[in-house]
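Asker: Have a look at this one.
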Amino acid sequence: AQAFWLKRGGPPPNGGKRSESVLEQPLCRSLALWPVFNFRAGQAVWMGDGPQSRSLTASLGLAGLRPGIHGFARSILTRTKTWSGLSHVSLDTDIREAISFSDPSLLRGMSSMKMLKGSGAILRNSEGSSATYEMSTSVSHLDVFVSHNWSTPKAKKFRALAGCFNLGPAFALSTVFGMGAFAASAVEVAPALSLIGDSGTEYKVGVGGMCVATLAFLLSIFHWQDLALWIPGCERCGQVVFLDKTCIHQTDEDRKRRGIEGLAAFIRCSRSMVVVYSDTYLQKLWTVYELASFLALHPKGQLTVLPLFLADLLVWGQVLSFAQIAVYLTVRVCPVQKALAERNLGGVASYGFVAFVTWPAVSAFCAVFRQWLLEQARIREHARSFSIANAACFSEADRPMIKHGIAKFMQGIGLAPKDAPEEVSLAAFDLMVHEEVPRALEASVGKVGIQYRHVVTIFVCHGFYLLDKVGVQIAQGEPARRIIMDCCCGLVNTFAVYPLCVVLLSALMRVSLRLRRRASICMFTLAASLLCNVAGTAFFAAVTVLGRSAIEDDITLAAFAVCVAASFALVVYCYRPQRRRGAARCRAGDAGAEPALFPERDSPAEPAQRQDLGDAPANLETVASPDD
């Protein structure tokens with residue numbers, strides 16, 4: 029400890045003794061002291077008003093740092109990496125005030141049903157009144173903090189939010205209809221089609237469940253908040269959400285000011301955050317403040333990023349899947365299959381015909397997915413170039429209050445000294461956005477670029493088709509082993525084969541991002557979509573044929589089981605959740621957690637290599653051990 033302080037140009041605390049208050053006290057006490065030392069030493073470097081400014085600069089490892097607020101703020105941010113691990117239990121009074129409500133009645137929330145009611149009428153504009161404030165009520169916690177821009181069109185925001193909040197109810201309602209159709213098929217009430225299989229044998233399959241369940245899903249995903257009014261008790265099943273227009277008073281200036289200053293407290297009381305992402309999201313002061321505050325207060329919290337076209341992608345993807353099944357059934361109908369057999373296109377060859385017919389739709393899906401990958405690249409660019417001075421504010425009258433709230437919040441969580449000027453706190457906020465926001469957004473969408481649950485949503489109609497098929501098999505008295513194998517084939521195709529095709533599509537579209545000429549992009553997209561379509565159809569056919577063979581042969585059954593296990597293992601690997609790097613730091617309340625006071629760890633065999641703080645920190649996850 030003595031050597032550490034001497035290298036930084038000043039005597040160590042406590043007359044050279046090992047500083048118990050800095051090195052051995054709990055996290056928050058140490059963290060409260062550390063920015064003060066940085067501030068006092070950095071003042072001379074920053075202001076250039078000390079006789080030992082040059083020596084201080086060299087001793088602090090700031091030789092390449094230009095004088096300025098951002099350079100000083102980076103030194104603070106680098107040395108206080110444990111901000112994500114602050115425990116509310118052990119916070120001091122100032123920090124508690126920064127993230128708590130002095131008046132508990134300010135904590136208000138509204139039902140997600142009310143937010144989406146009337147096709148999201150409340151999302152039309154930011155103009156609030158006492159009536160809109162009365163749409164919210166005093167609550168003890170918030171389930172979801174909704175972060176969005178008012179400049180984004182209402183219709184797009186509504187579809188994105190409806191696709192998020194109504195996805196679960198839509199799945200449940202469509203499953204009820206699918207199970208009802210399954211029961212009807214099992215008792216031979218629902219109609220069935222006569223098809224010809226790969227071996228030339230005739231079989232029957234139902235289609236009522238797939239049609240009814242898919243229609244129920246498409247209706248309920250956008251209109252569940254209206255349908256729930258007809259189901260007793262469901263109108264109160266919505267989540268408690270924060271929407272600034274309804275939860276912060278818009279006409280009472282005093283309550284509005286206290287609500288804005290308490291935005292961090294709203295976020296601390298929220299269990300998750302939903303980001304309605306648009307092109308302007310990271311260019312607006314308010315939304316960036318909301319996102320960065322959530323990352324600071326909930327380092328392991330659930331962050332969901334909703335691109336505006338996600339709900340449309342899910343709907344049109346499901347329509348595409350439905351069309352693919354419809355084409356497959358049309359090809360398998362007895363008259364069509366006989367006509368194709370005369371041209372040597374029957375049996376297994378009909379899979380290729382299905383792939384060719386659905387190629388244009390898959391190409392459109394690839395083009396939309398490529399646009400989302402481009403948007404992710406822009407997310408990283410916007411976050412790393414963010415500046416609070418250049419950020420736009422929907423209402424310029426709110427800018428001073430927001431900036432004051434940001435400065436108070438940064439000082440409260442220890443990312444800026446409590447006596448630092450507002451400019452220093454705002455510069456530290458800029459640096460936090462540059463480092464943390466790209467990582468958090470990338471972790472939210474995963475490596476593939478889309479979450480697994482959304483991929484399953486696109487192909488869920490294949491599951492409804494499976495229910496129809498199994499229902500007819502039960503009605504016809506098919507052997508149990510055959511029914512089980514058909515179920516396994518359907519589940520593997522729905523939950524493994526098609527998601528892996530999306531992984532292949534994502535990889536190919538990432539390669540296409542290197543192309544610049546429009547003609548090259550179009551040709552590559554067409555080729556990639558054809559490859560994905562053929563691969564998906566081939567995998568589907570292989571699983572189906574292998575499953576049929578496994579009905580009679582135990583060796584083939586073992587090979588089928590191995591293929592199934594490998595497919596699901598690959599799905600788990602590709603769609604594994606991405607951990608936010610901030611969560612790896614010192615966690616709140618961890619027993620024996622040491623404060624990360626020394627981010628630049630010394631090698632045991634080499635002298636300490638101090639980092640040039642003019643550049644971004646190479647590793648924000650470094651946590652010092654007691655020996656360091």
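Counting in the working numbering, the sequence shown runs from 29 upward without gaps.
Where a beta carbon is used, it is the ideal one built from N, C-alpha and C, also for glycine.
For Phe492 versus Gly206, is the C-beta distance shorter than 8 Å?
Answerer: yes
Asker: As a quick exercise: from Glu403, Phe437 and Ala455, pick the residue whose alpha carbon is nearest that of Ala419.
Answerer: Ala455
Asker: So what's Ile699 in DSSP terms, helix, strand or just coil?
Answerer: The question about residue 699 has no answer, for the chain in this structure spans 29 to 656.
Asker: Check whether the Cβ atoms of Cys516 and Gly575 sit closer than 8 Å, and answer yes or no.
Answerer: yes
Asker: Pick helix, strand or coil for Pro712, following the three-state DSSP scheme.
Answerer: Residue 712 cannot be examined here, being either before or after the span of the chain that is shown, 29 to 656.
Asker: Do you know offhand how far Ala435's Cα is from Phe523's?
Answerer: 47 Å
Asker: Let me know if Ala86 comes out buried or exposed under the rule of 16 or more other beta-carbons within 10 Å of its beta-carbon.
Answerer: For Ala86, the predicted model reports a pLDDT of 37, less than 50, meaning its position is unreliable; a value from the coordinates is still stated below. Looking at its Cβ environment, which holds fewer than 16 other Cβ atoms inside 10 Å, Ala86 is exposed.
Asker: If we call anything under 8 Å between Cβ atoms a contact, is Asp496 one with Val235?
Answerer: Cβ atoms of Asp496 and Val235: closer than 8 Å.
Asker: On the premise that Asp171 lies in contact with Arg299, defined as a C-beta separation below 8 Å, what is that separation, rounded to the nearest angstrom?
Answerer: 6 Å
Asker: Under 8 Å by Cβ, that's how I've got Leu319 and Val465 pegged, so tell me the actual separation to the nearest angstrom.
Answerer: The C-beta distance from Leu319 to Val465 rounds to 6 Å, short enough to meet the 8 Å contact threshold.
Asker: Going by beta-carbon coordinates alone, are Gln504 and Asp514 separated by less than 8 Å?
Answerer: no
Asker: Let's test the definition: count the other Cβ atoms within 10 Å of the Cβ of Thr242 and tell me whether it reaches 16, buried, or not, exposed.
Answerer: buried
Asker: Would you check if the stretch 554 to 564 and the stretch 473 to 489 touch, i.e. whether three or more CB-CB distances between them fall below 8 Å?
Answerer: no
Asker: In this structure, how does DSSP classify Glu289 when only helix, strand and coil are distinguished?
Answerer: helix
Asker: What does a CB cutoff of less than 7 Å around Ala198 pick up in its chain, not counting 5 residues either side in sequence?
Answerer: Phe245, Ser248, Ile249 and Trp252
Asker: For Ala417 and Gln278, what's the separation of their Cα atoms in angstroms?
Answerer: C-alpha of Ala417 to C-alpha of Gln278: approximately 25 Å in a straight line.
Asker: Would Ser306 be called buried (16 or more neighbouring beta carbons within 10 Å of its own) or exposed?
Answerer: buried
Asker: Do the CB positions of Leu528 and Val600 come within less than 8 Å of each other?
Answerer: no
Asker: Tell me the DSSP secondary structure of Ile502 in three-state form.
Answerer: helix
Asker: In chain order, what residues of the same chain lie with their CB nearer than 7 Å to the CB of Ile276, ignoring the 5 residues before and after it?
Answerer: Lys284, Gly287 and Ile288
Asker: To the nearest angstrom, how far is the alpha carbon of Ala569 from that of Leu342?
Answerer: 25 Å
Asker: Would you check if the distance between the CB atom of Val592 and the CB atom of Val531 is smaller than 8 Å?
Answerer: no
Asker: What residues match up with Glu450 in a beta bridge as DSSP calls it?
Answerer: None, per the DSSP bridge assignment.
Asker: Start and end of the alpha helix (DSSP H) containing Thr584?
Answerer: Unbroken alpha helix (DSSP H) run through Thr584: Asp582 to Cys602.
Asker: Please work out which residues of its chain come closer than 8 Å, Cβ to Cβ, to Arg406, disregarding the five sequence neighbours upstream and downstream, and give them in chain order.
Answerer: Taken in chain order, the residues that qualify are Asp307.
Asker: If I follow the unbroken alpha helix (DSSP H) through Thr332, where does it start and stop?
Answerer: Counting along the chain, Thr332 falls outside any alpha helix (DSSP H), though it belongs to the beta strand (DSSP E) covering Gln330 to Pro335.
Asker: Does the beta-carbon of Leu541 have 16 or more other beta-carbons within 10 angstroms, so that it is buried, or is it exposed?
Answerer: exposed
Asker: Apart from the five residues just before and just after Gln71, which ones in its own chain have a Cβ nearer than 6 Å to its Cβ?
Answerer: Caution applies to Gln71, whose pLDDT of 37 falls short of 50 and renders its modelled position unreliable; the value that the coordinates give is listed next. Same-chain partners within the cutoff: there are none.
Asker: Mind checking Lys212: buried by the 16 CB within 10 Å criterion, or exposed?
Answerer: Reading off the sequence shown, one finds Ala at residue 212, where the question assumed Lys. Classification of Ala212: buried, given that the 10 Å Cβ count is 16 or more.
Asker: Can you check which of these residues, Ala468, Asp280, Leu223 and Trp258, is closest to Ala354 by C-alpha distance?
Answerer: When C-alpha distances from Ala354 are compared across Ala468, Asp280, Leu223 and Trp258, the shortest belongs to Leu223.
Asker: Kindly indicate which three-state DSSP category Ser140 falls into: helix, strand or coil?
Answerer: helix
Asker: Leaving out the 5 sequence neighbours to the left and right, which residues in its chain are closer than 7 Å to Leu585 when beta-carbon positions are compared?
Answerer: Ala578
Asker: Does the distance from the CB of Ala293 to the CB of Phe173 come in under 8 Å?
Answerer: no
Asker: The beta strand (DSSP E) spanning Lys220 covers which residue range?
Answerer: Here the sequence assigns Ala to residue 220, which means Lys is not the residue at that position. Note, Ala220: beta strand (DSSP E), Ala220 to Ile224.
Asker: Enumerate in chain order the residues of its own chain whose CB-to-CB distance from Val681 is below 7 Å, with the five nearest sequence positions on each side excluded.
Answerer: Outside the displayed range of the chain (29 to 656) lies residue 681, so it cannot be described from this structure.
Asker: Count the CB pairs spanning the stretch 174 to 192 and the stretch 146 to 165 that are closer than 8 Å, and state whether there are at least three.
Answerer: yes
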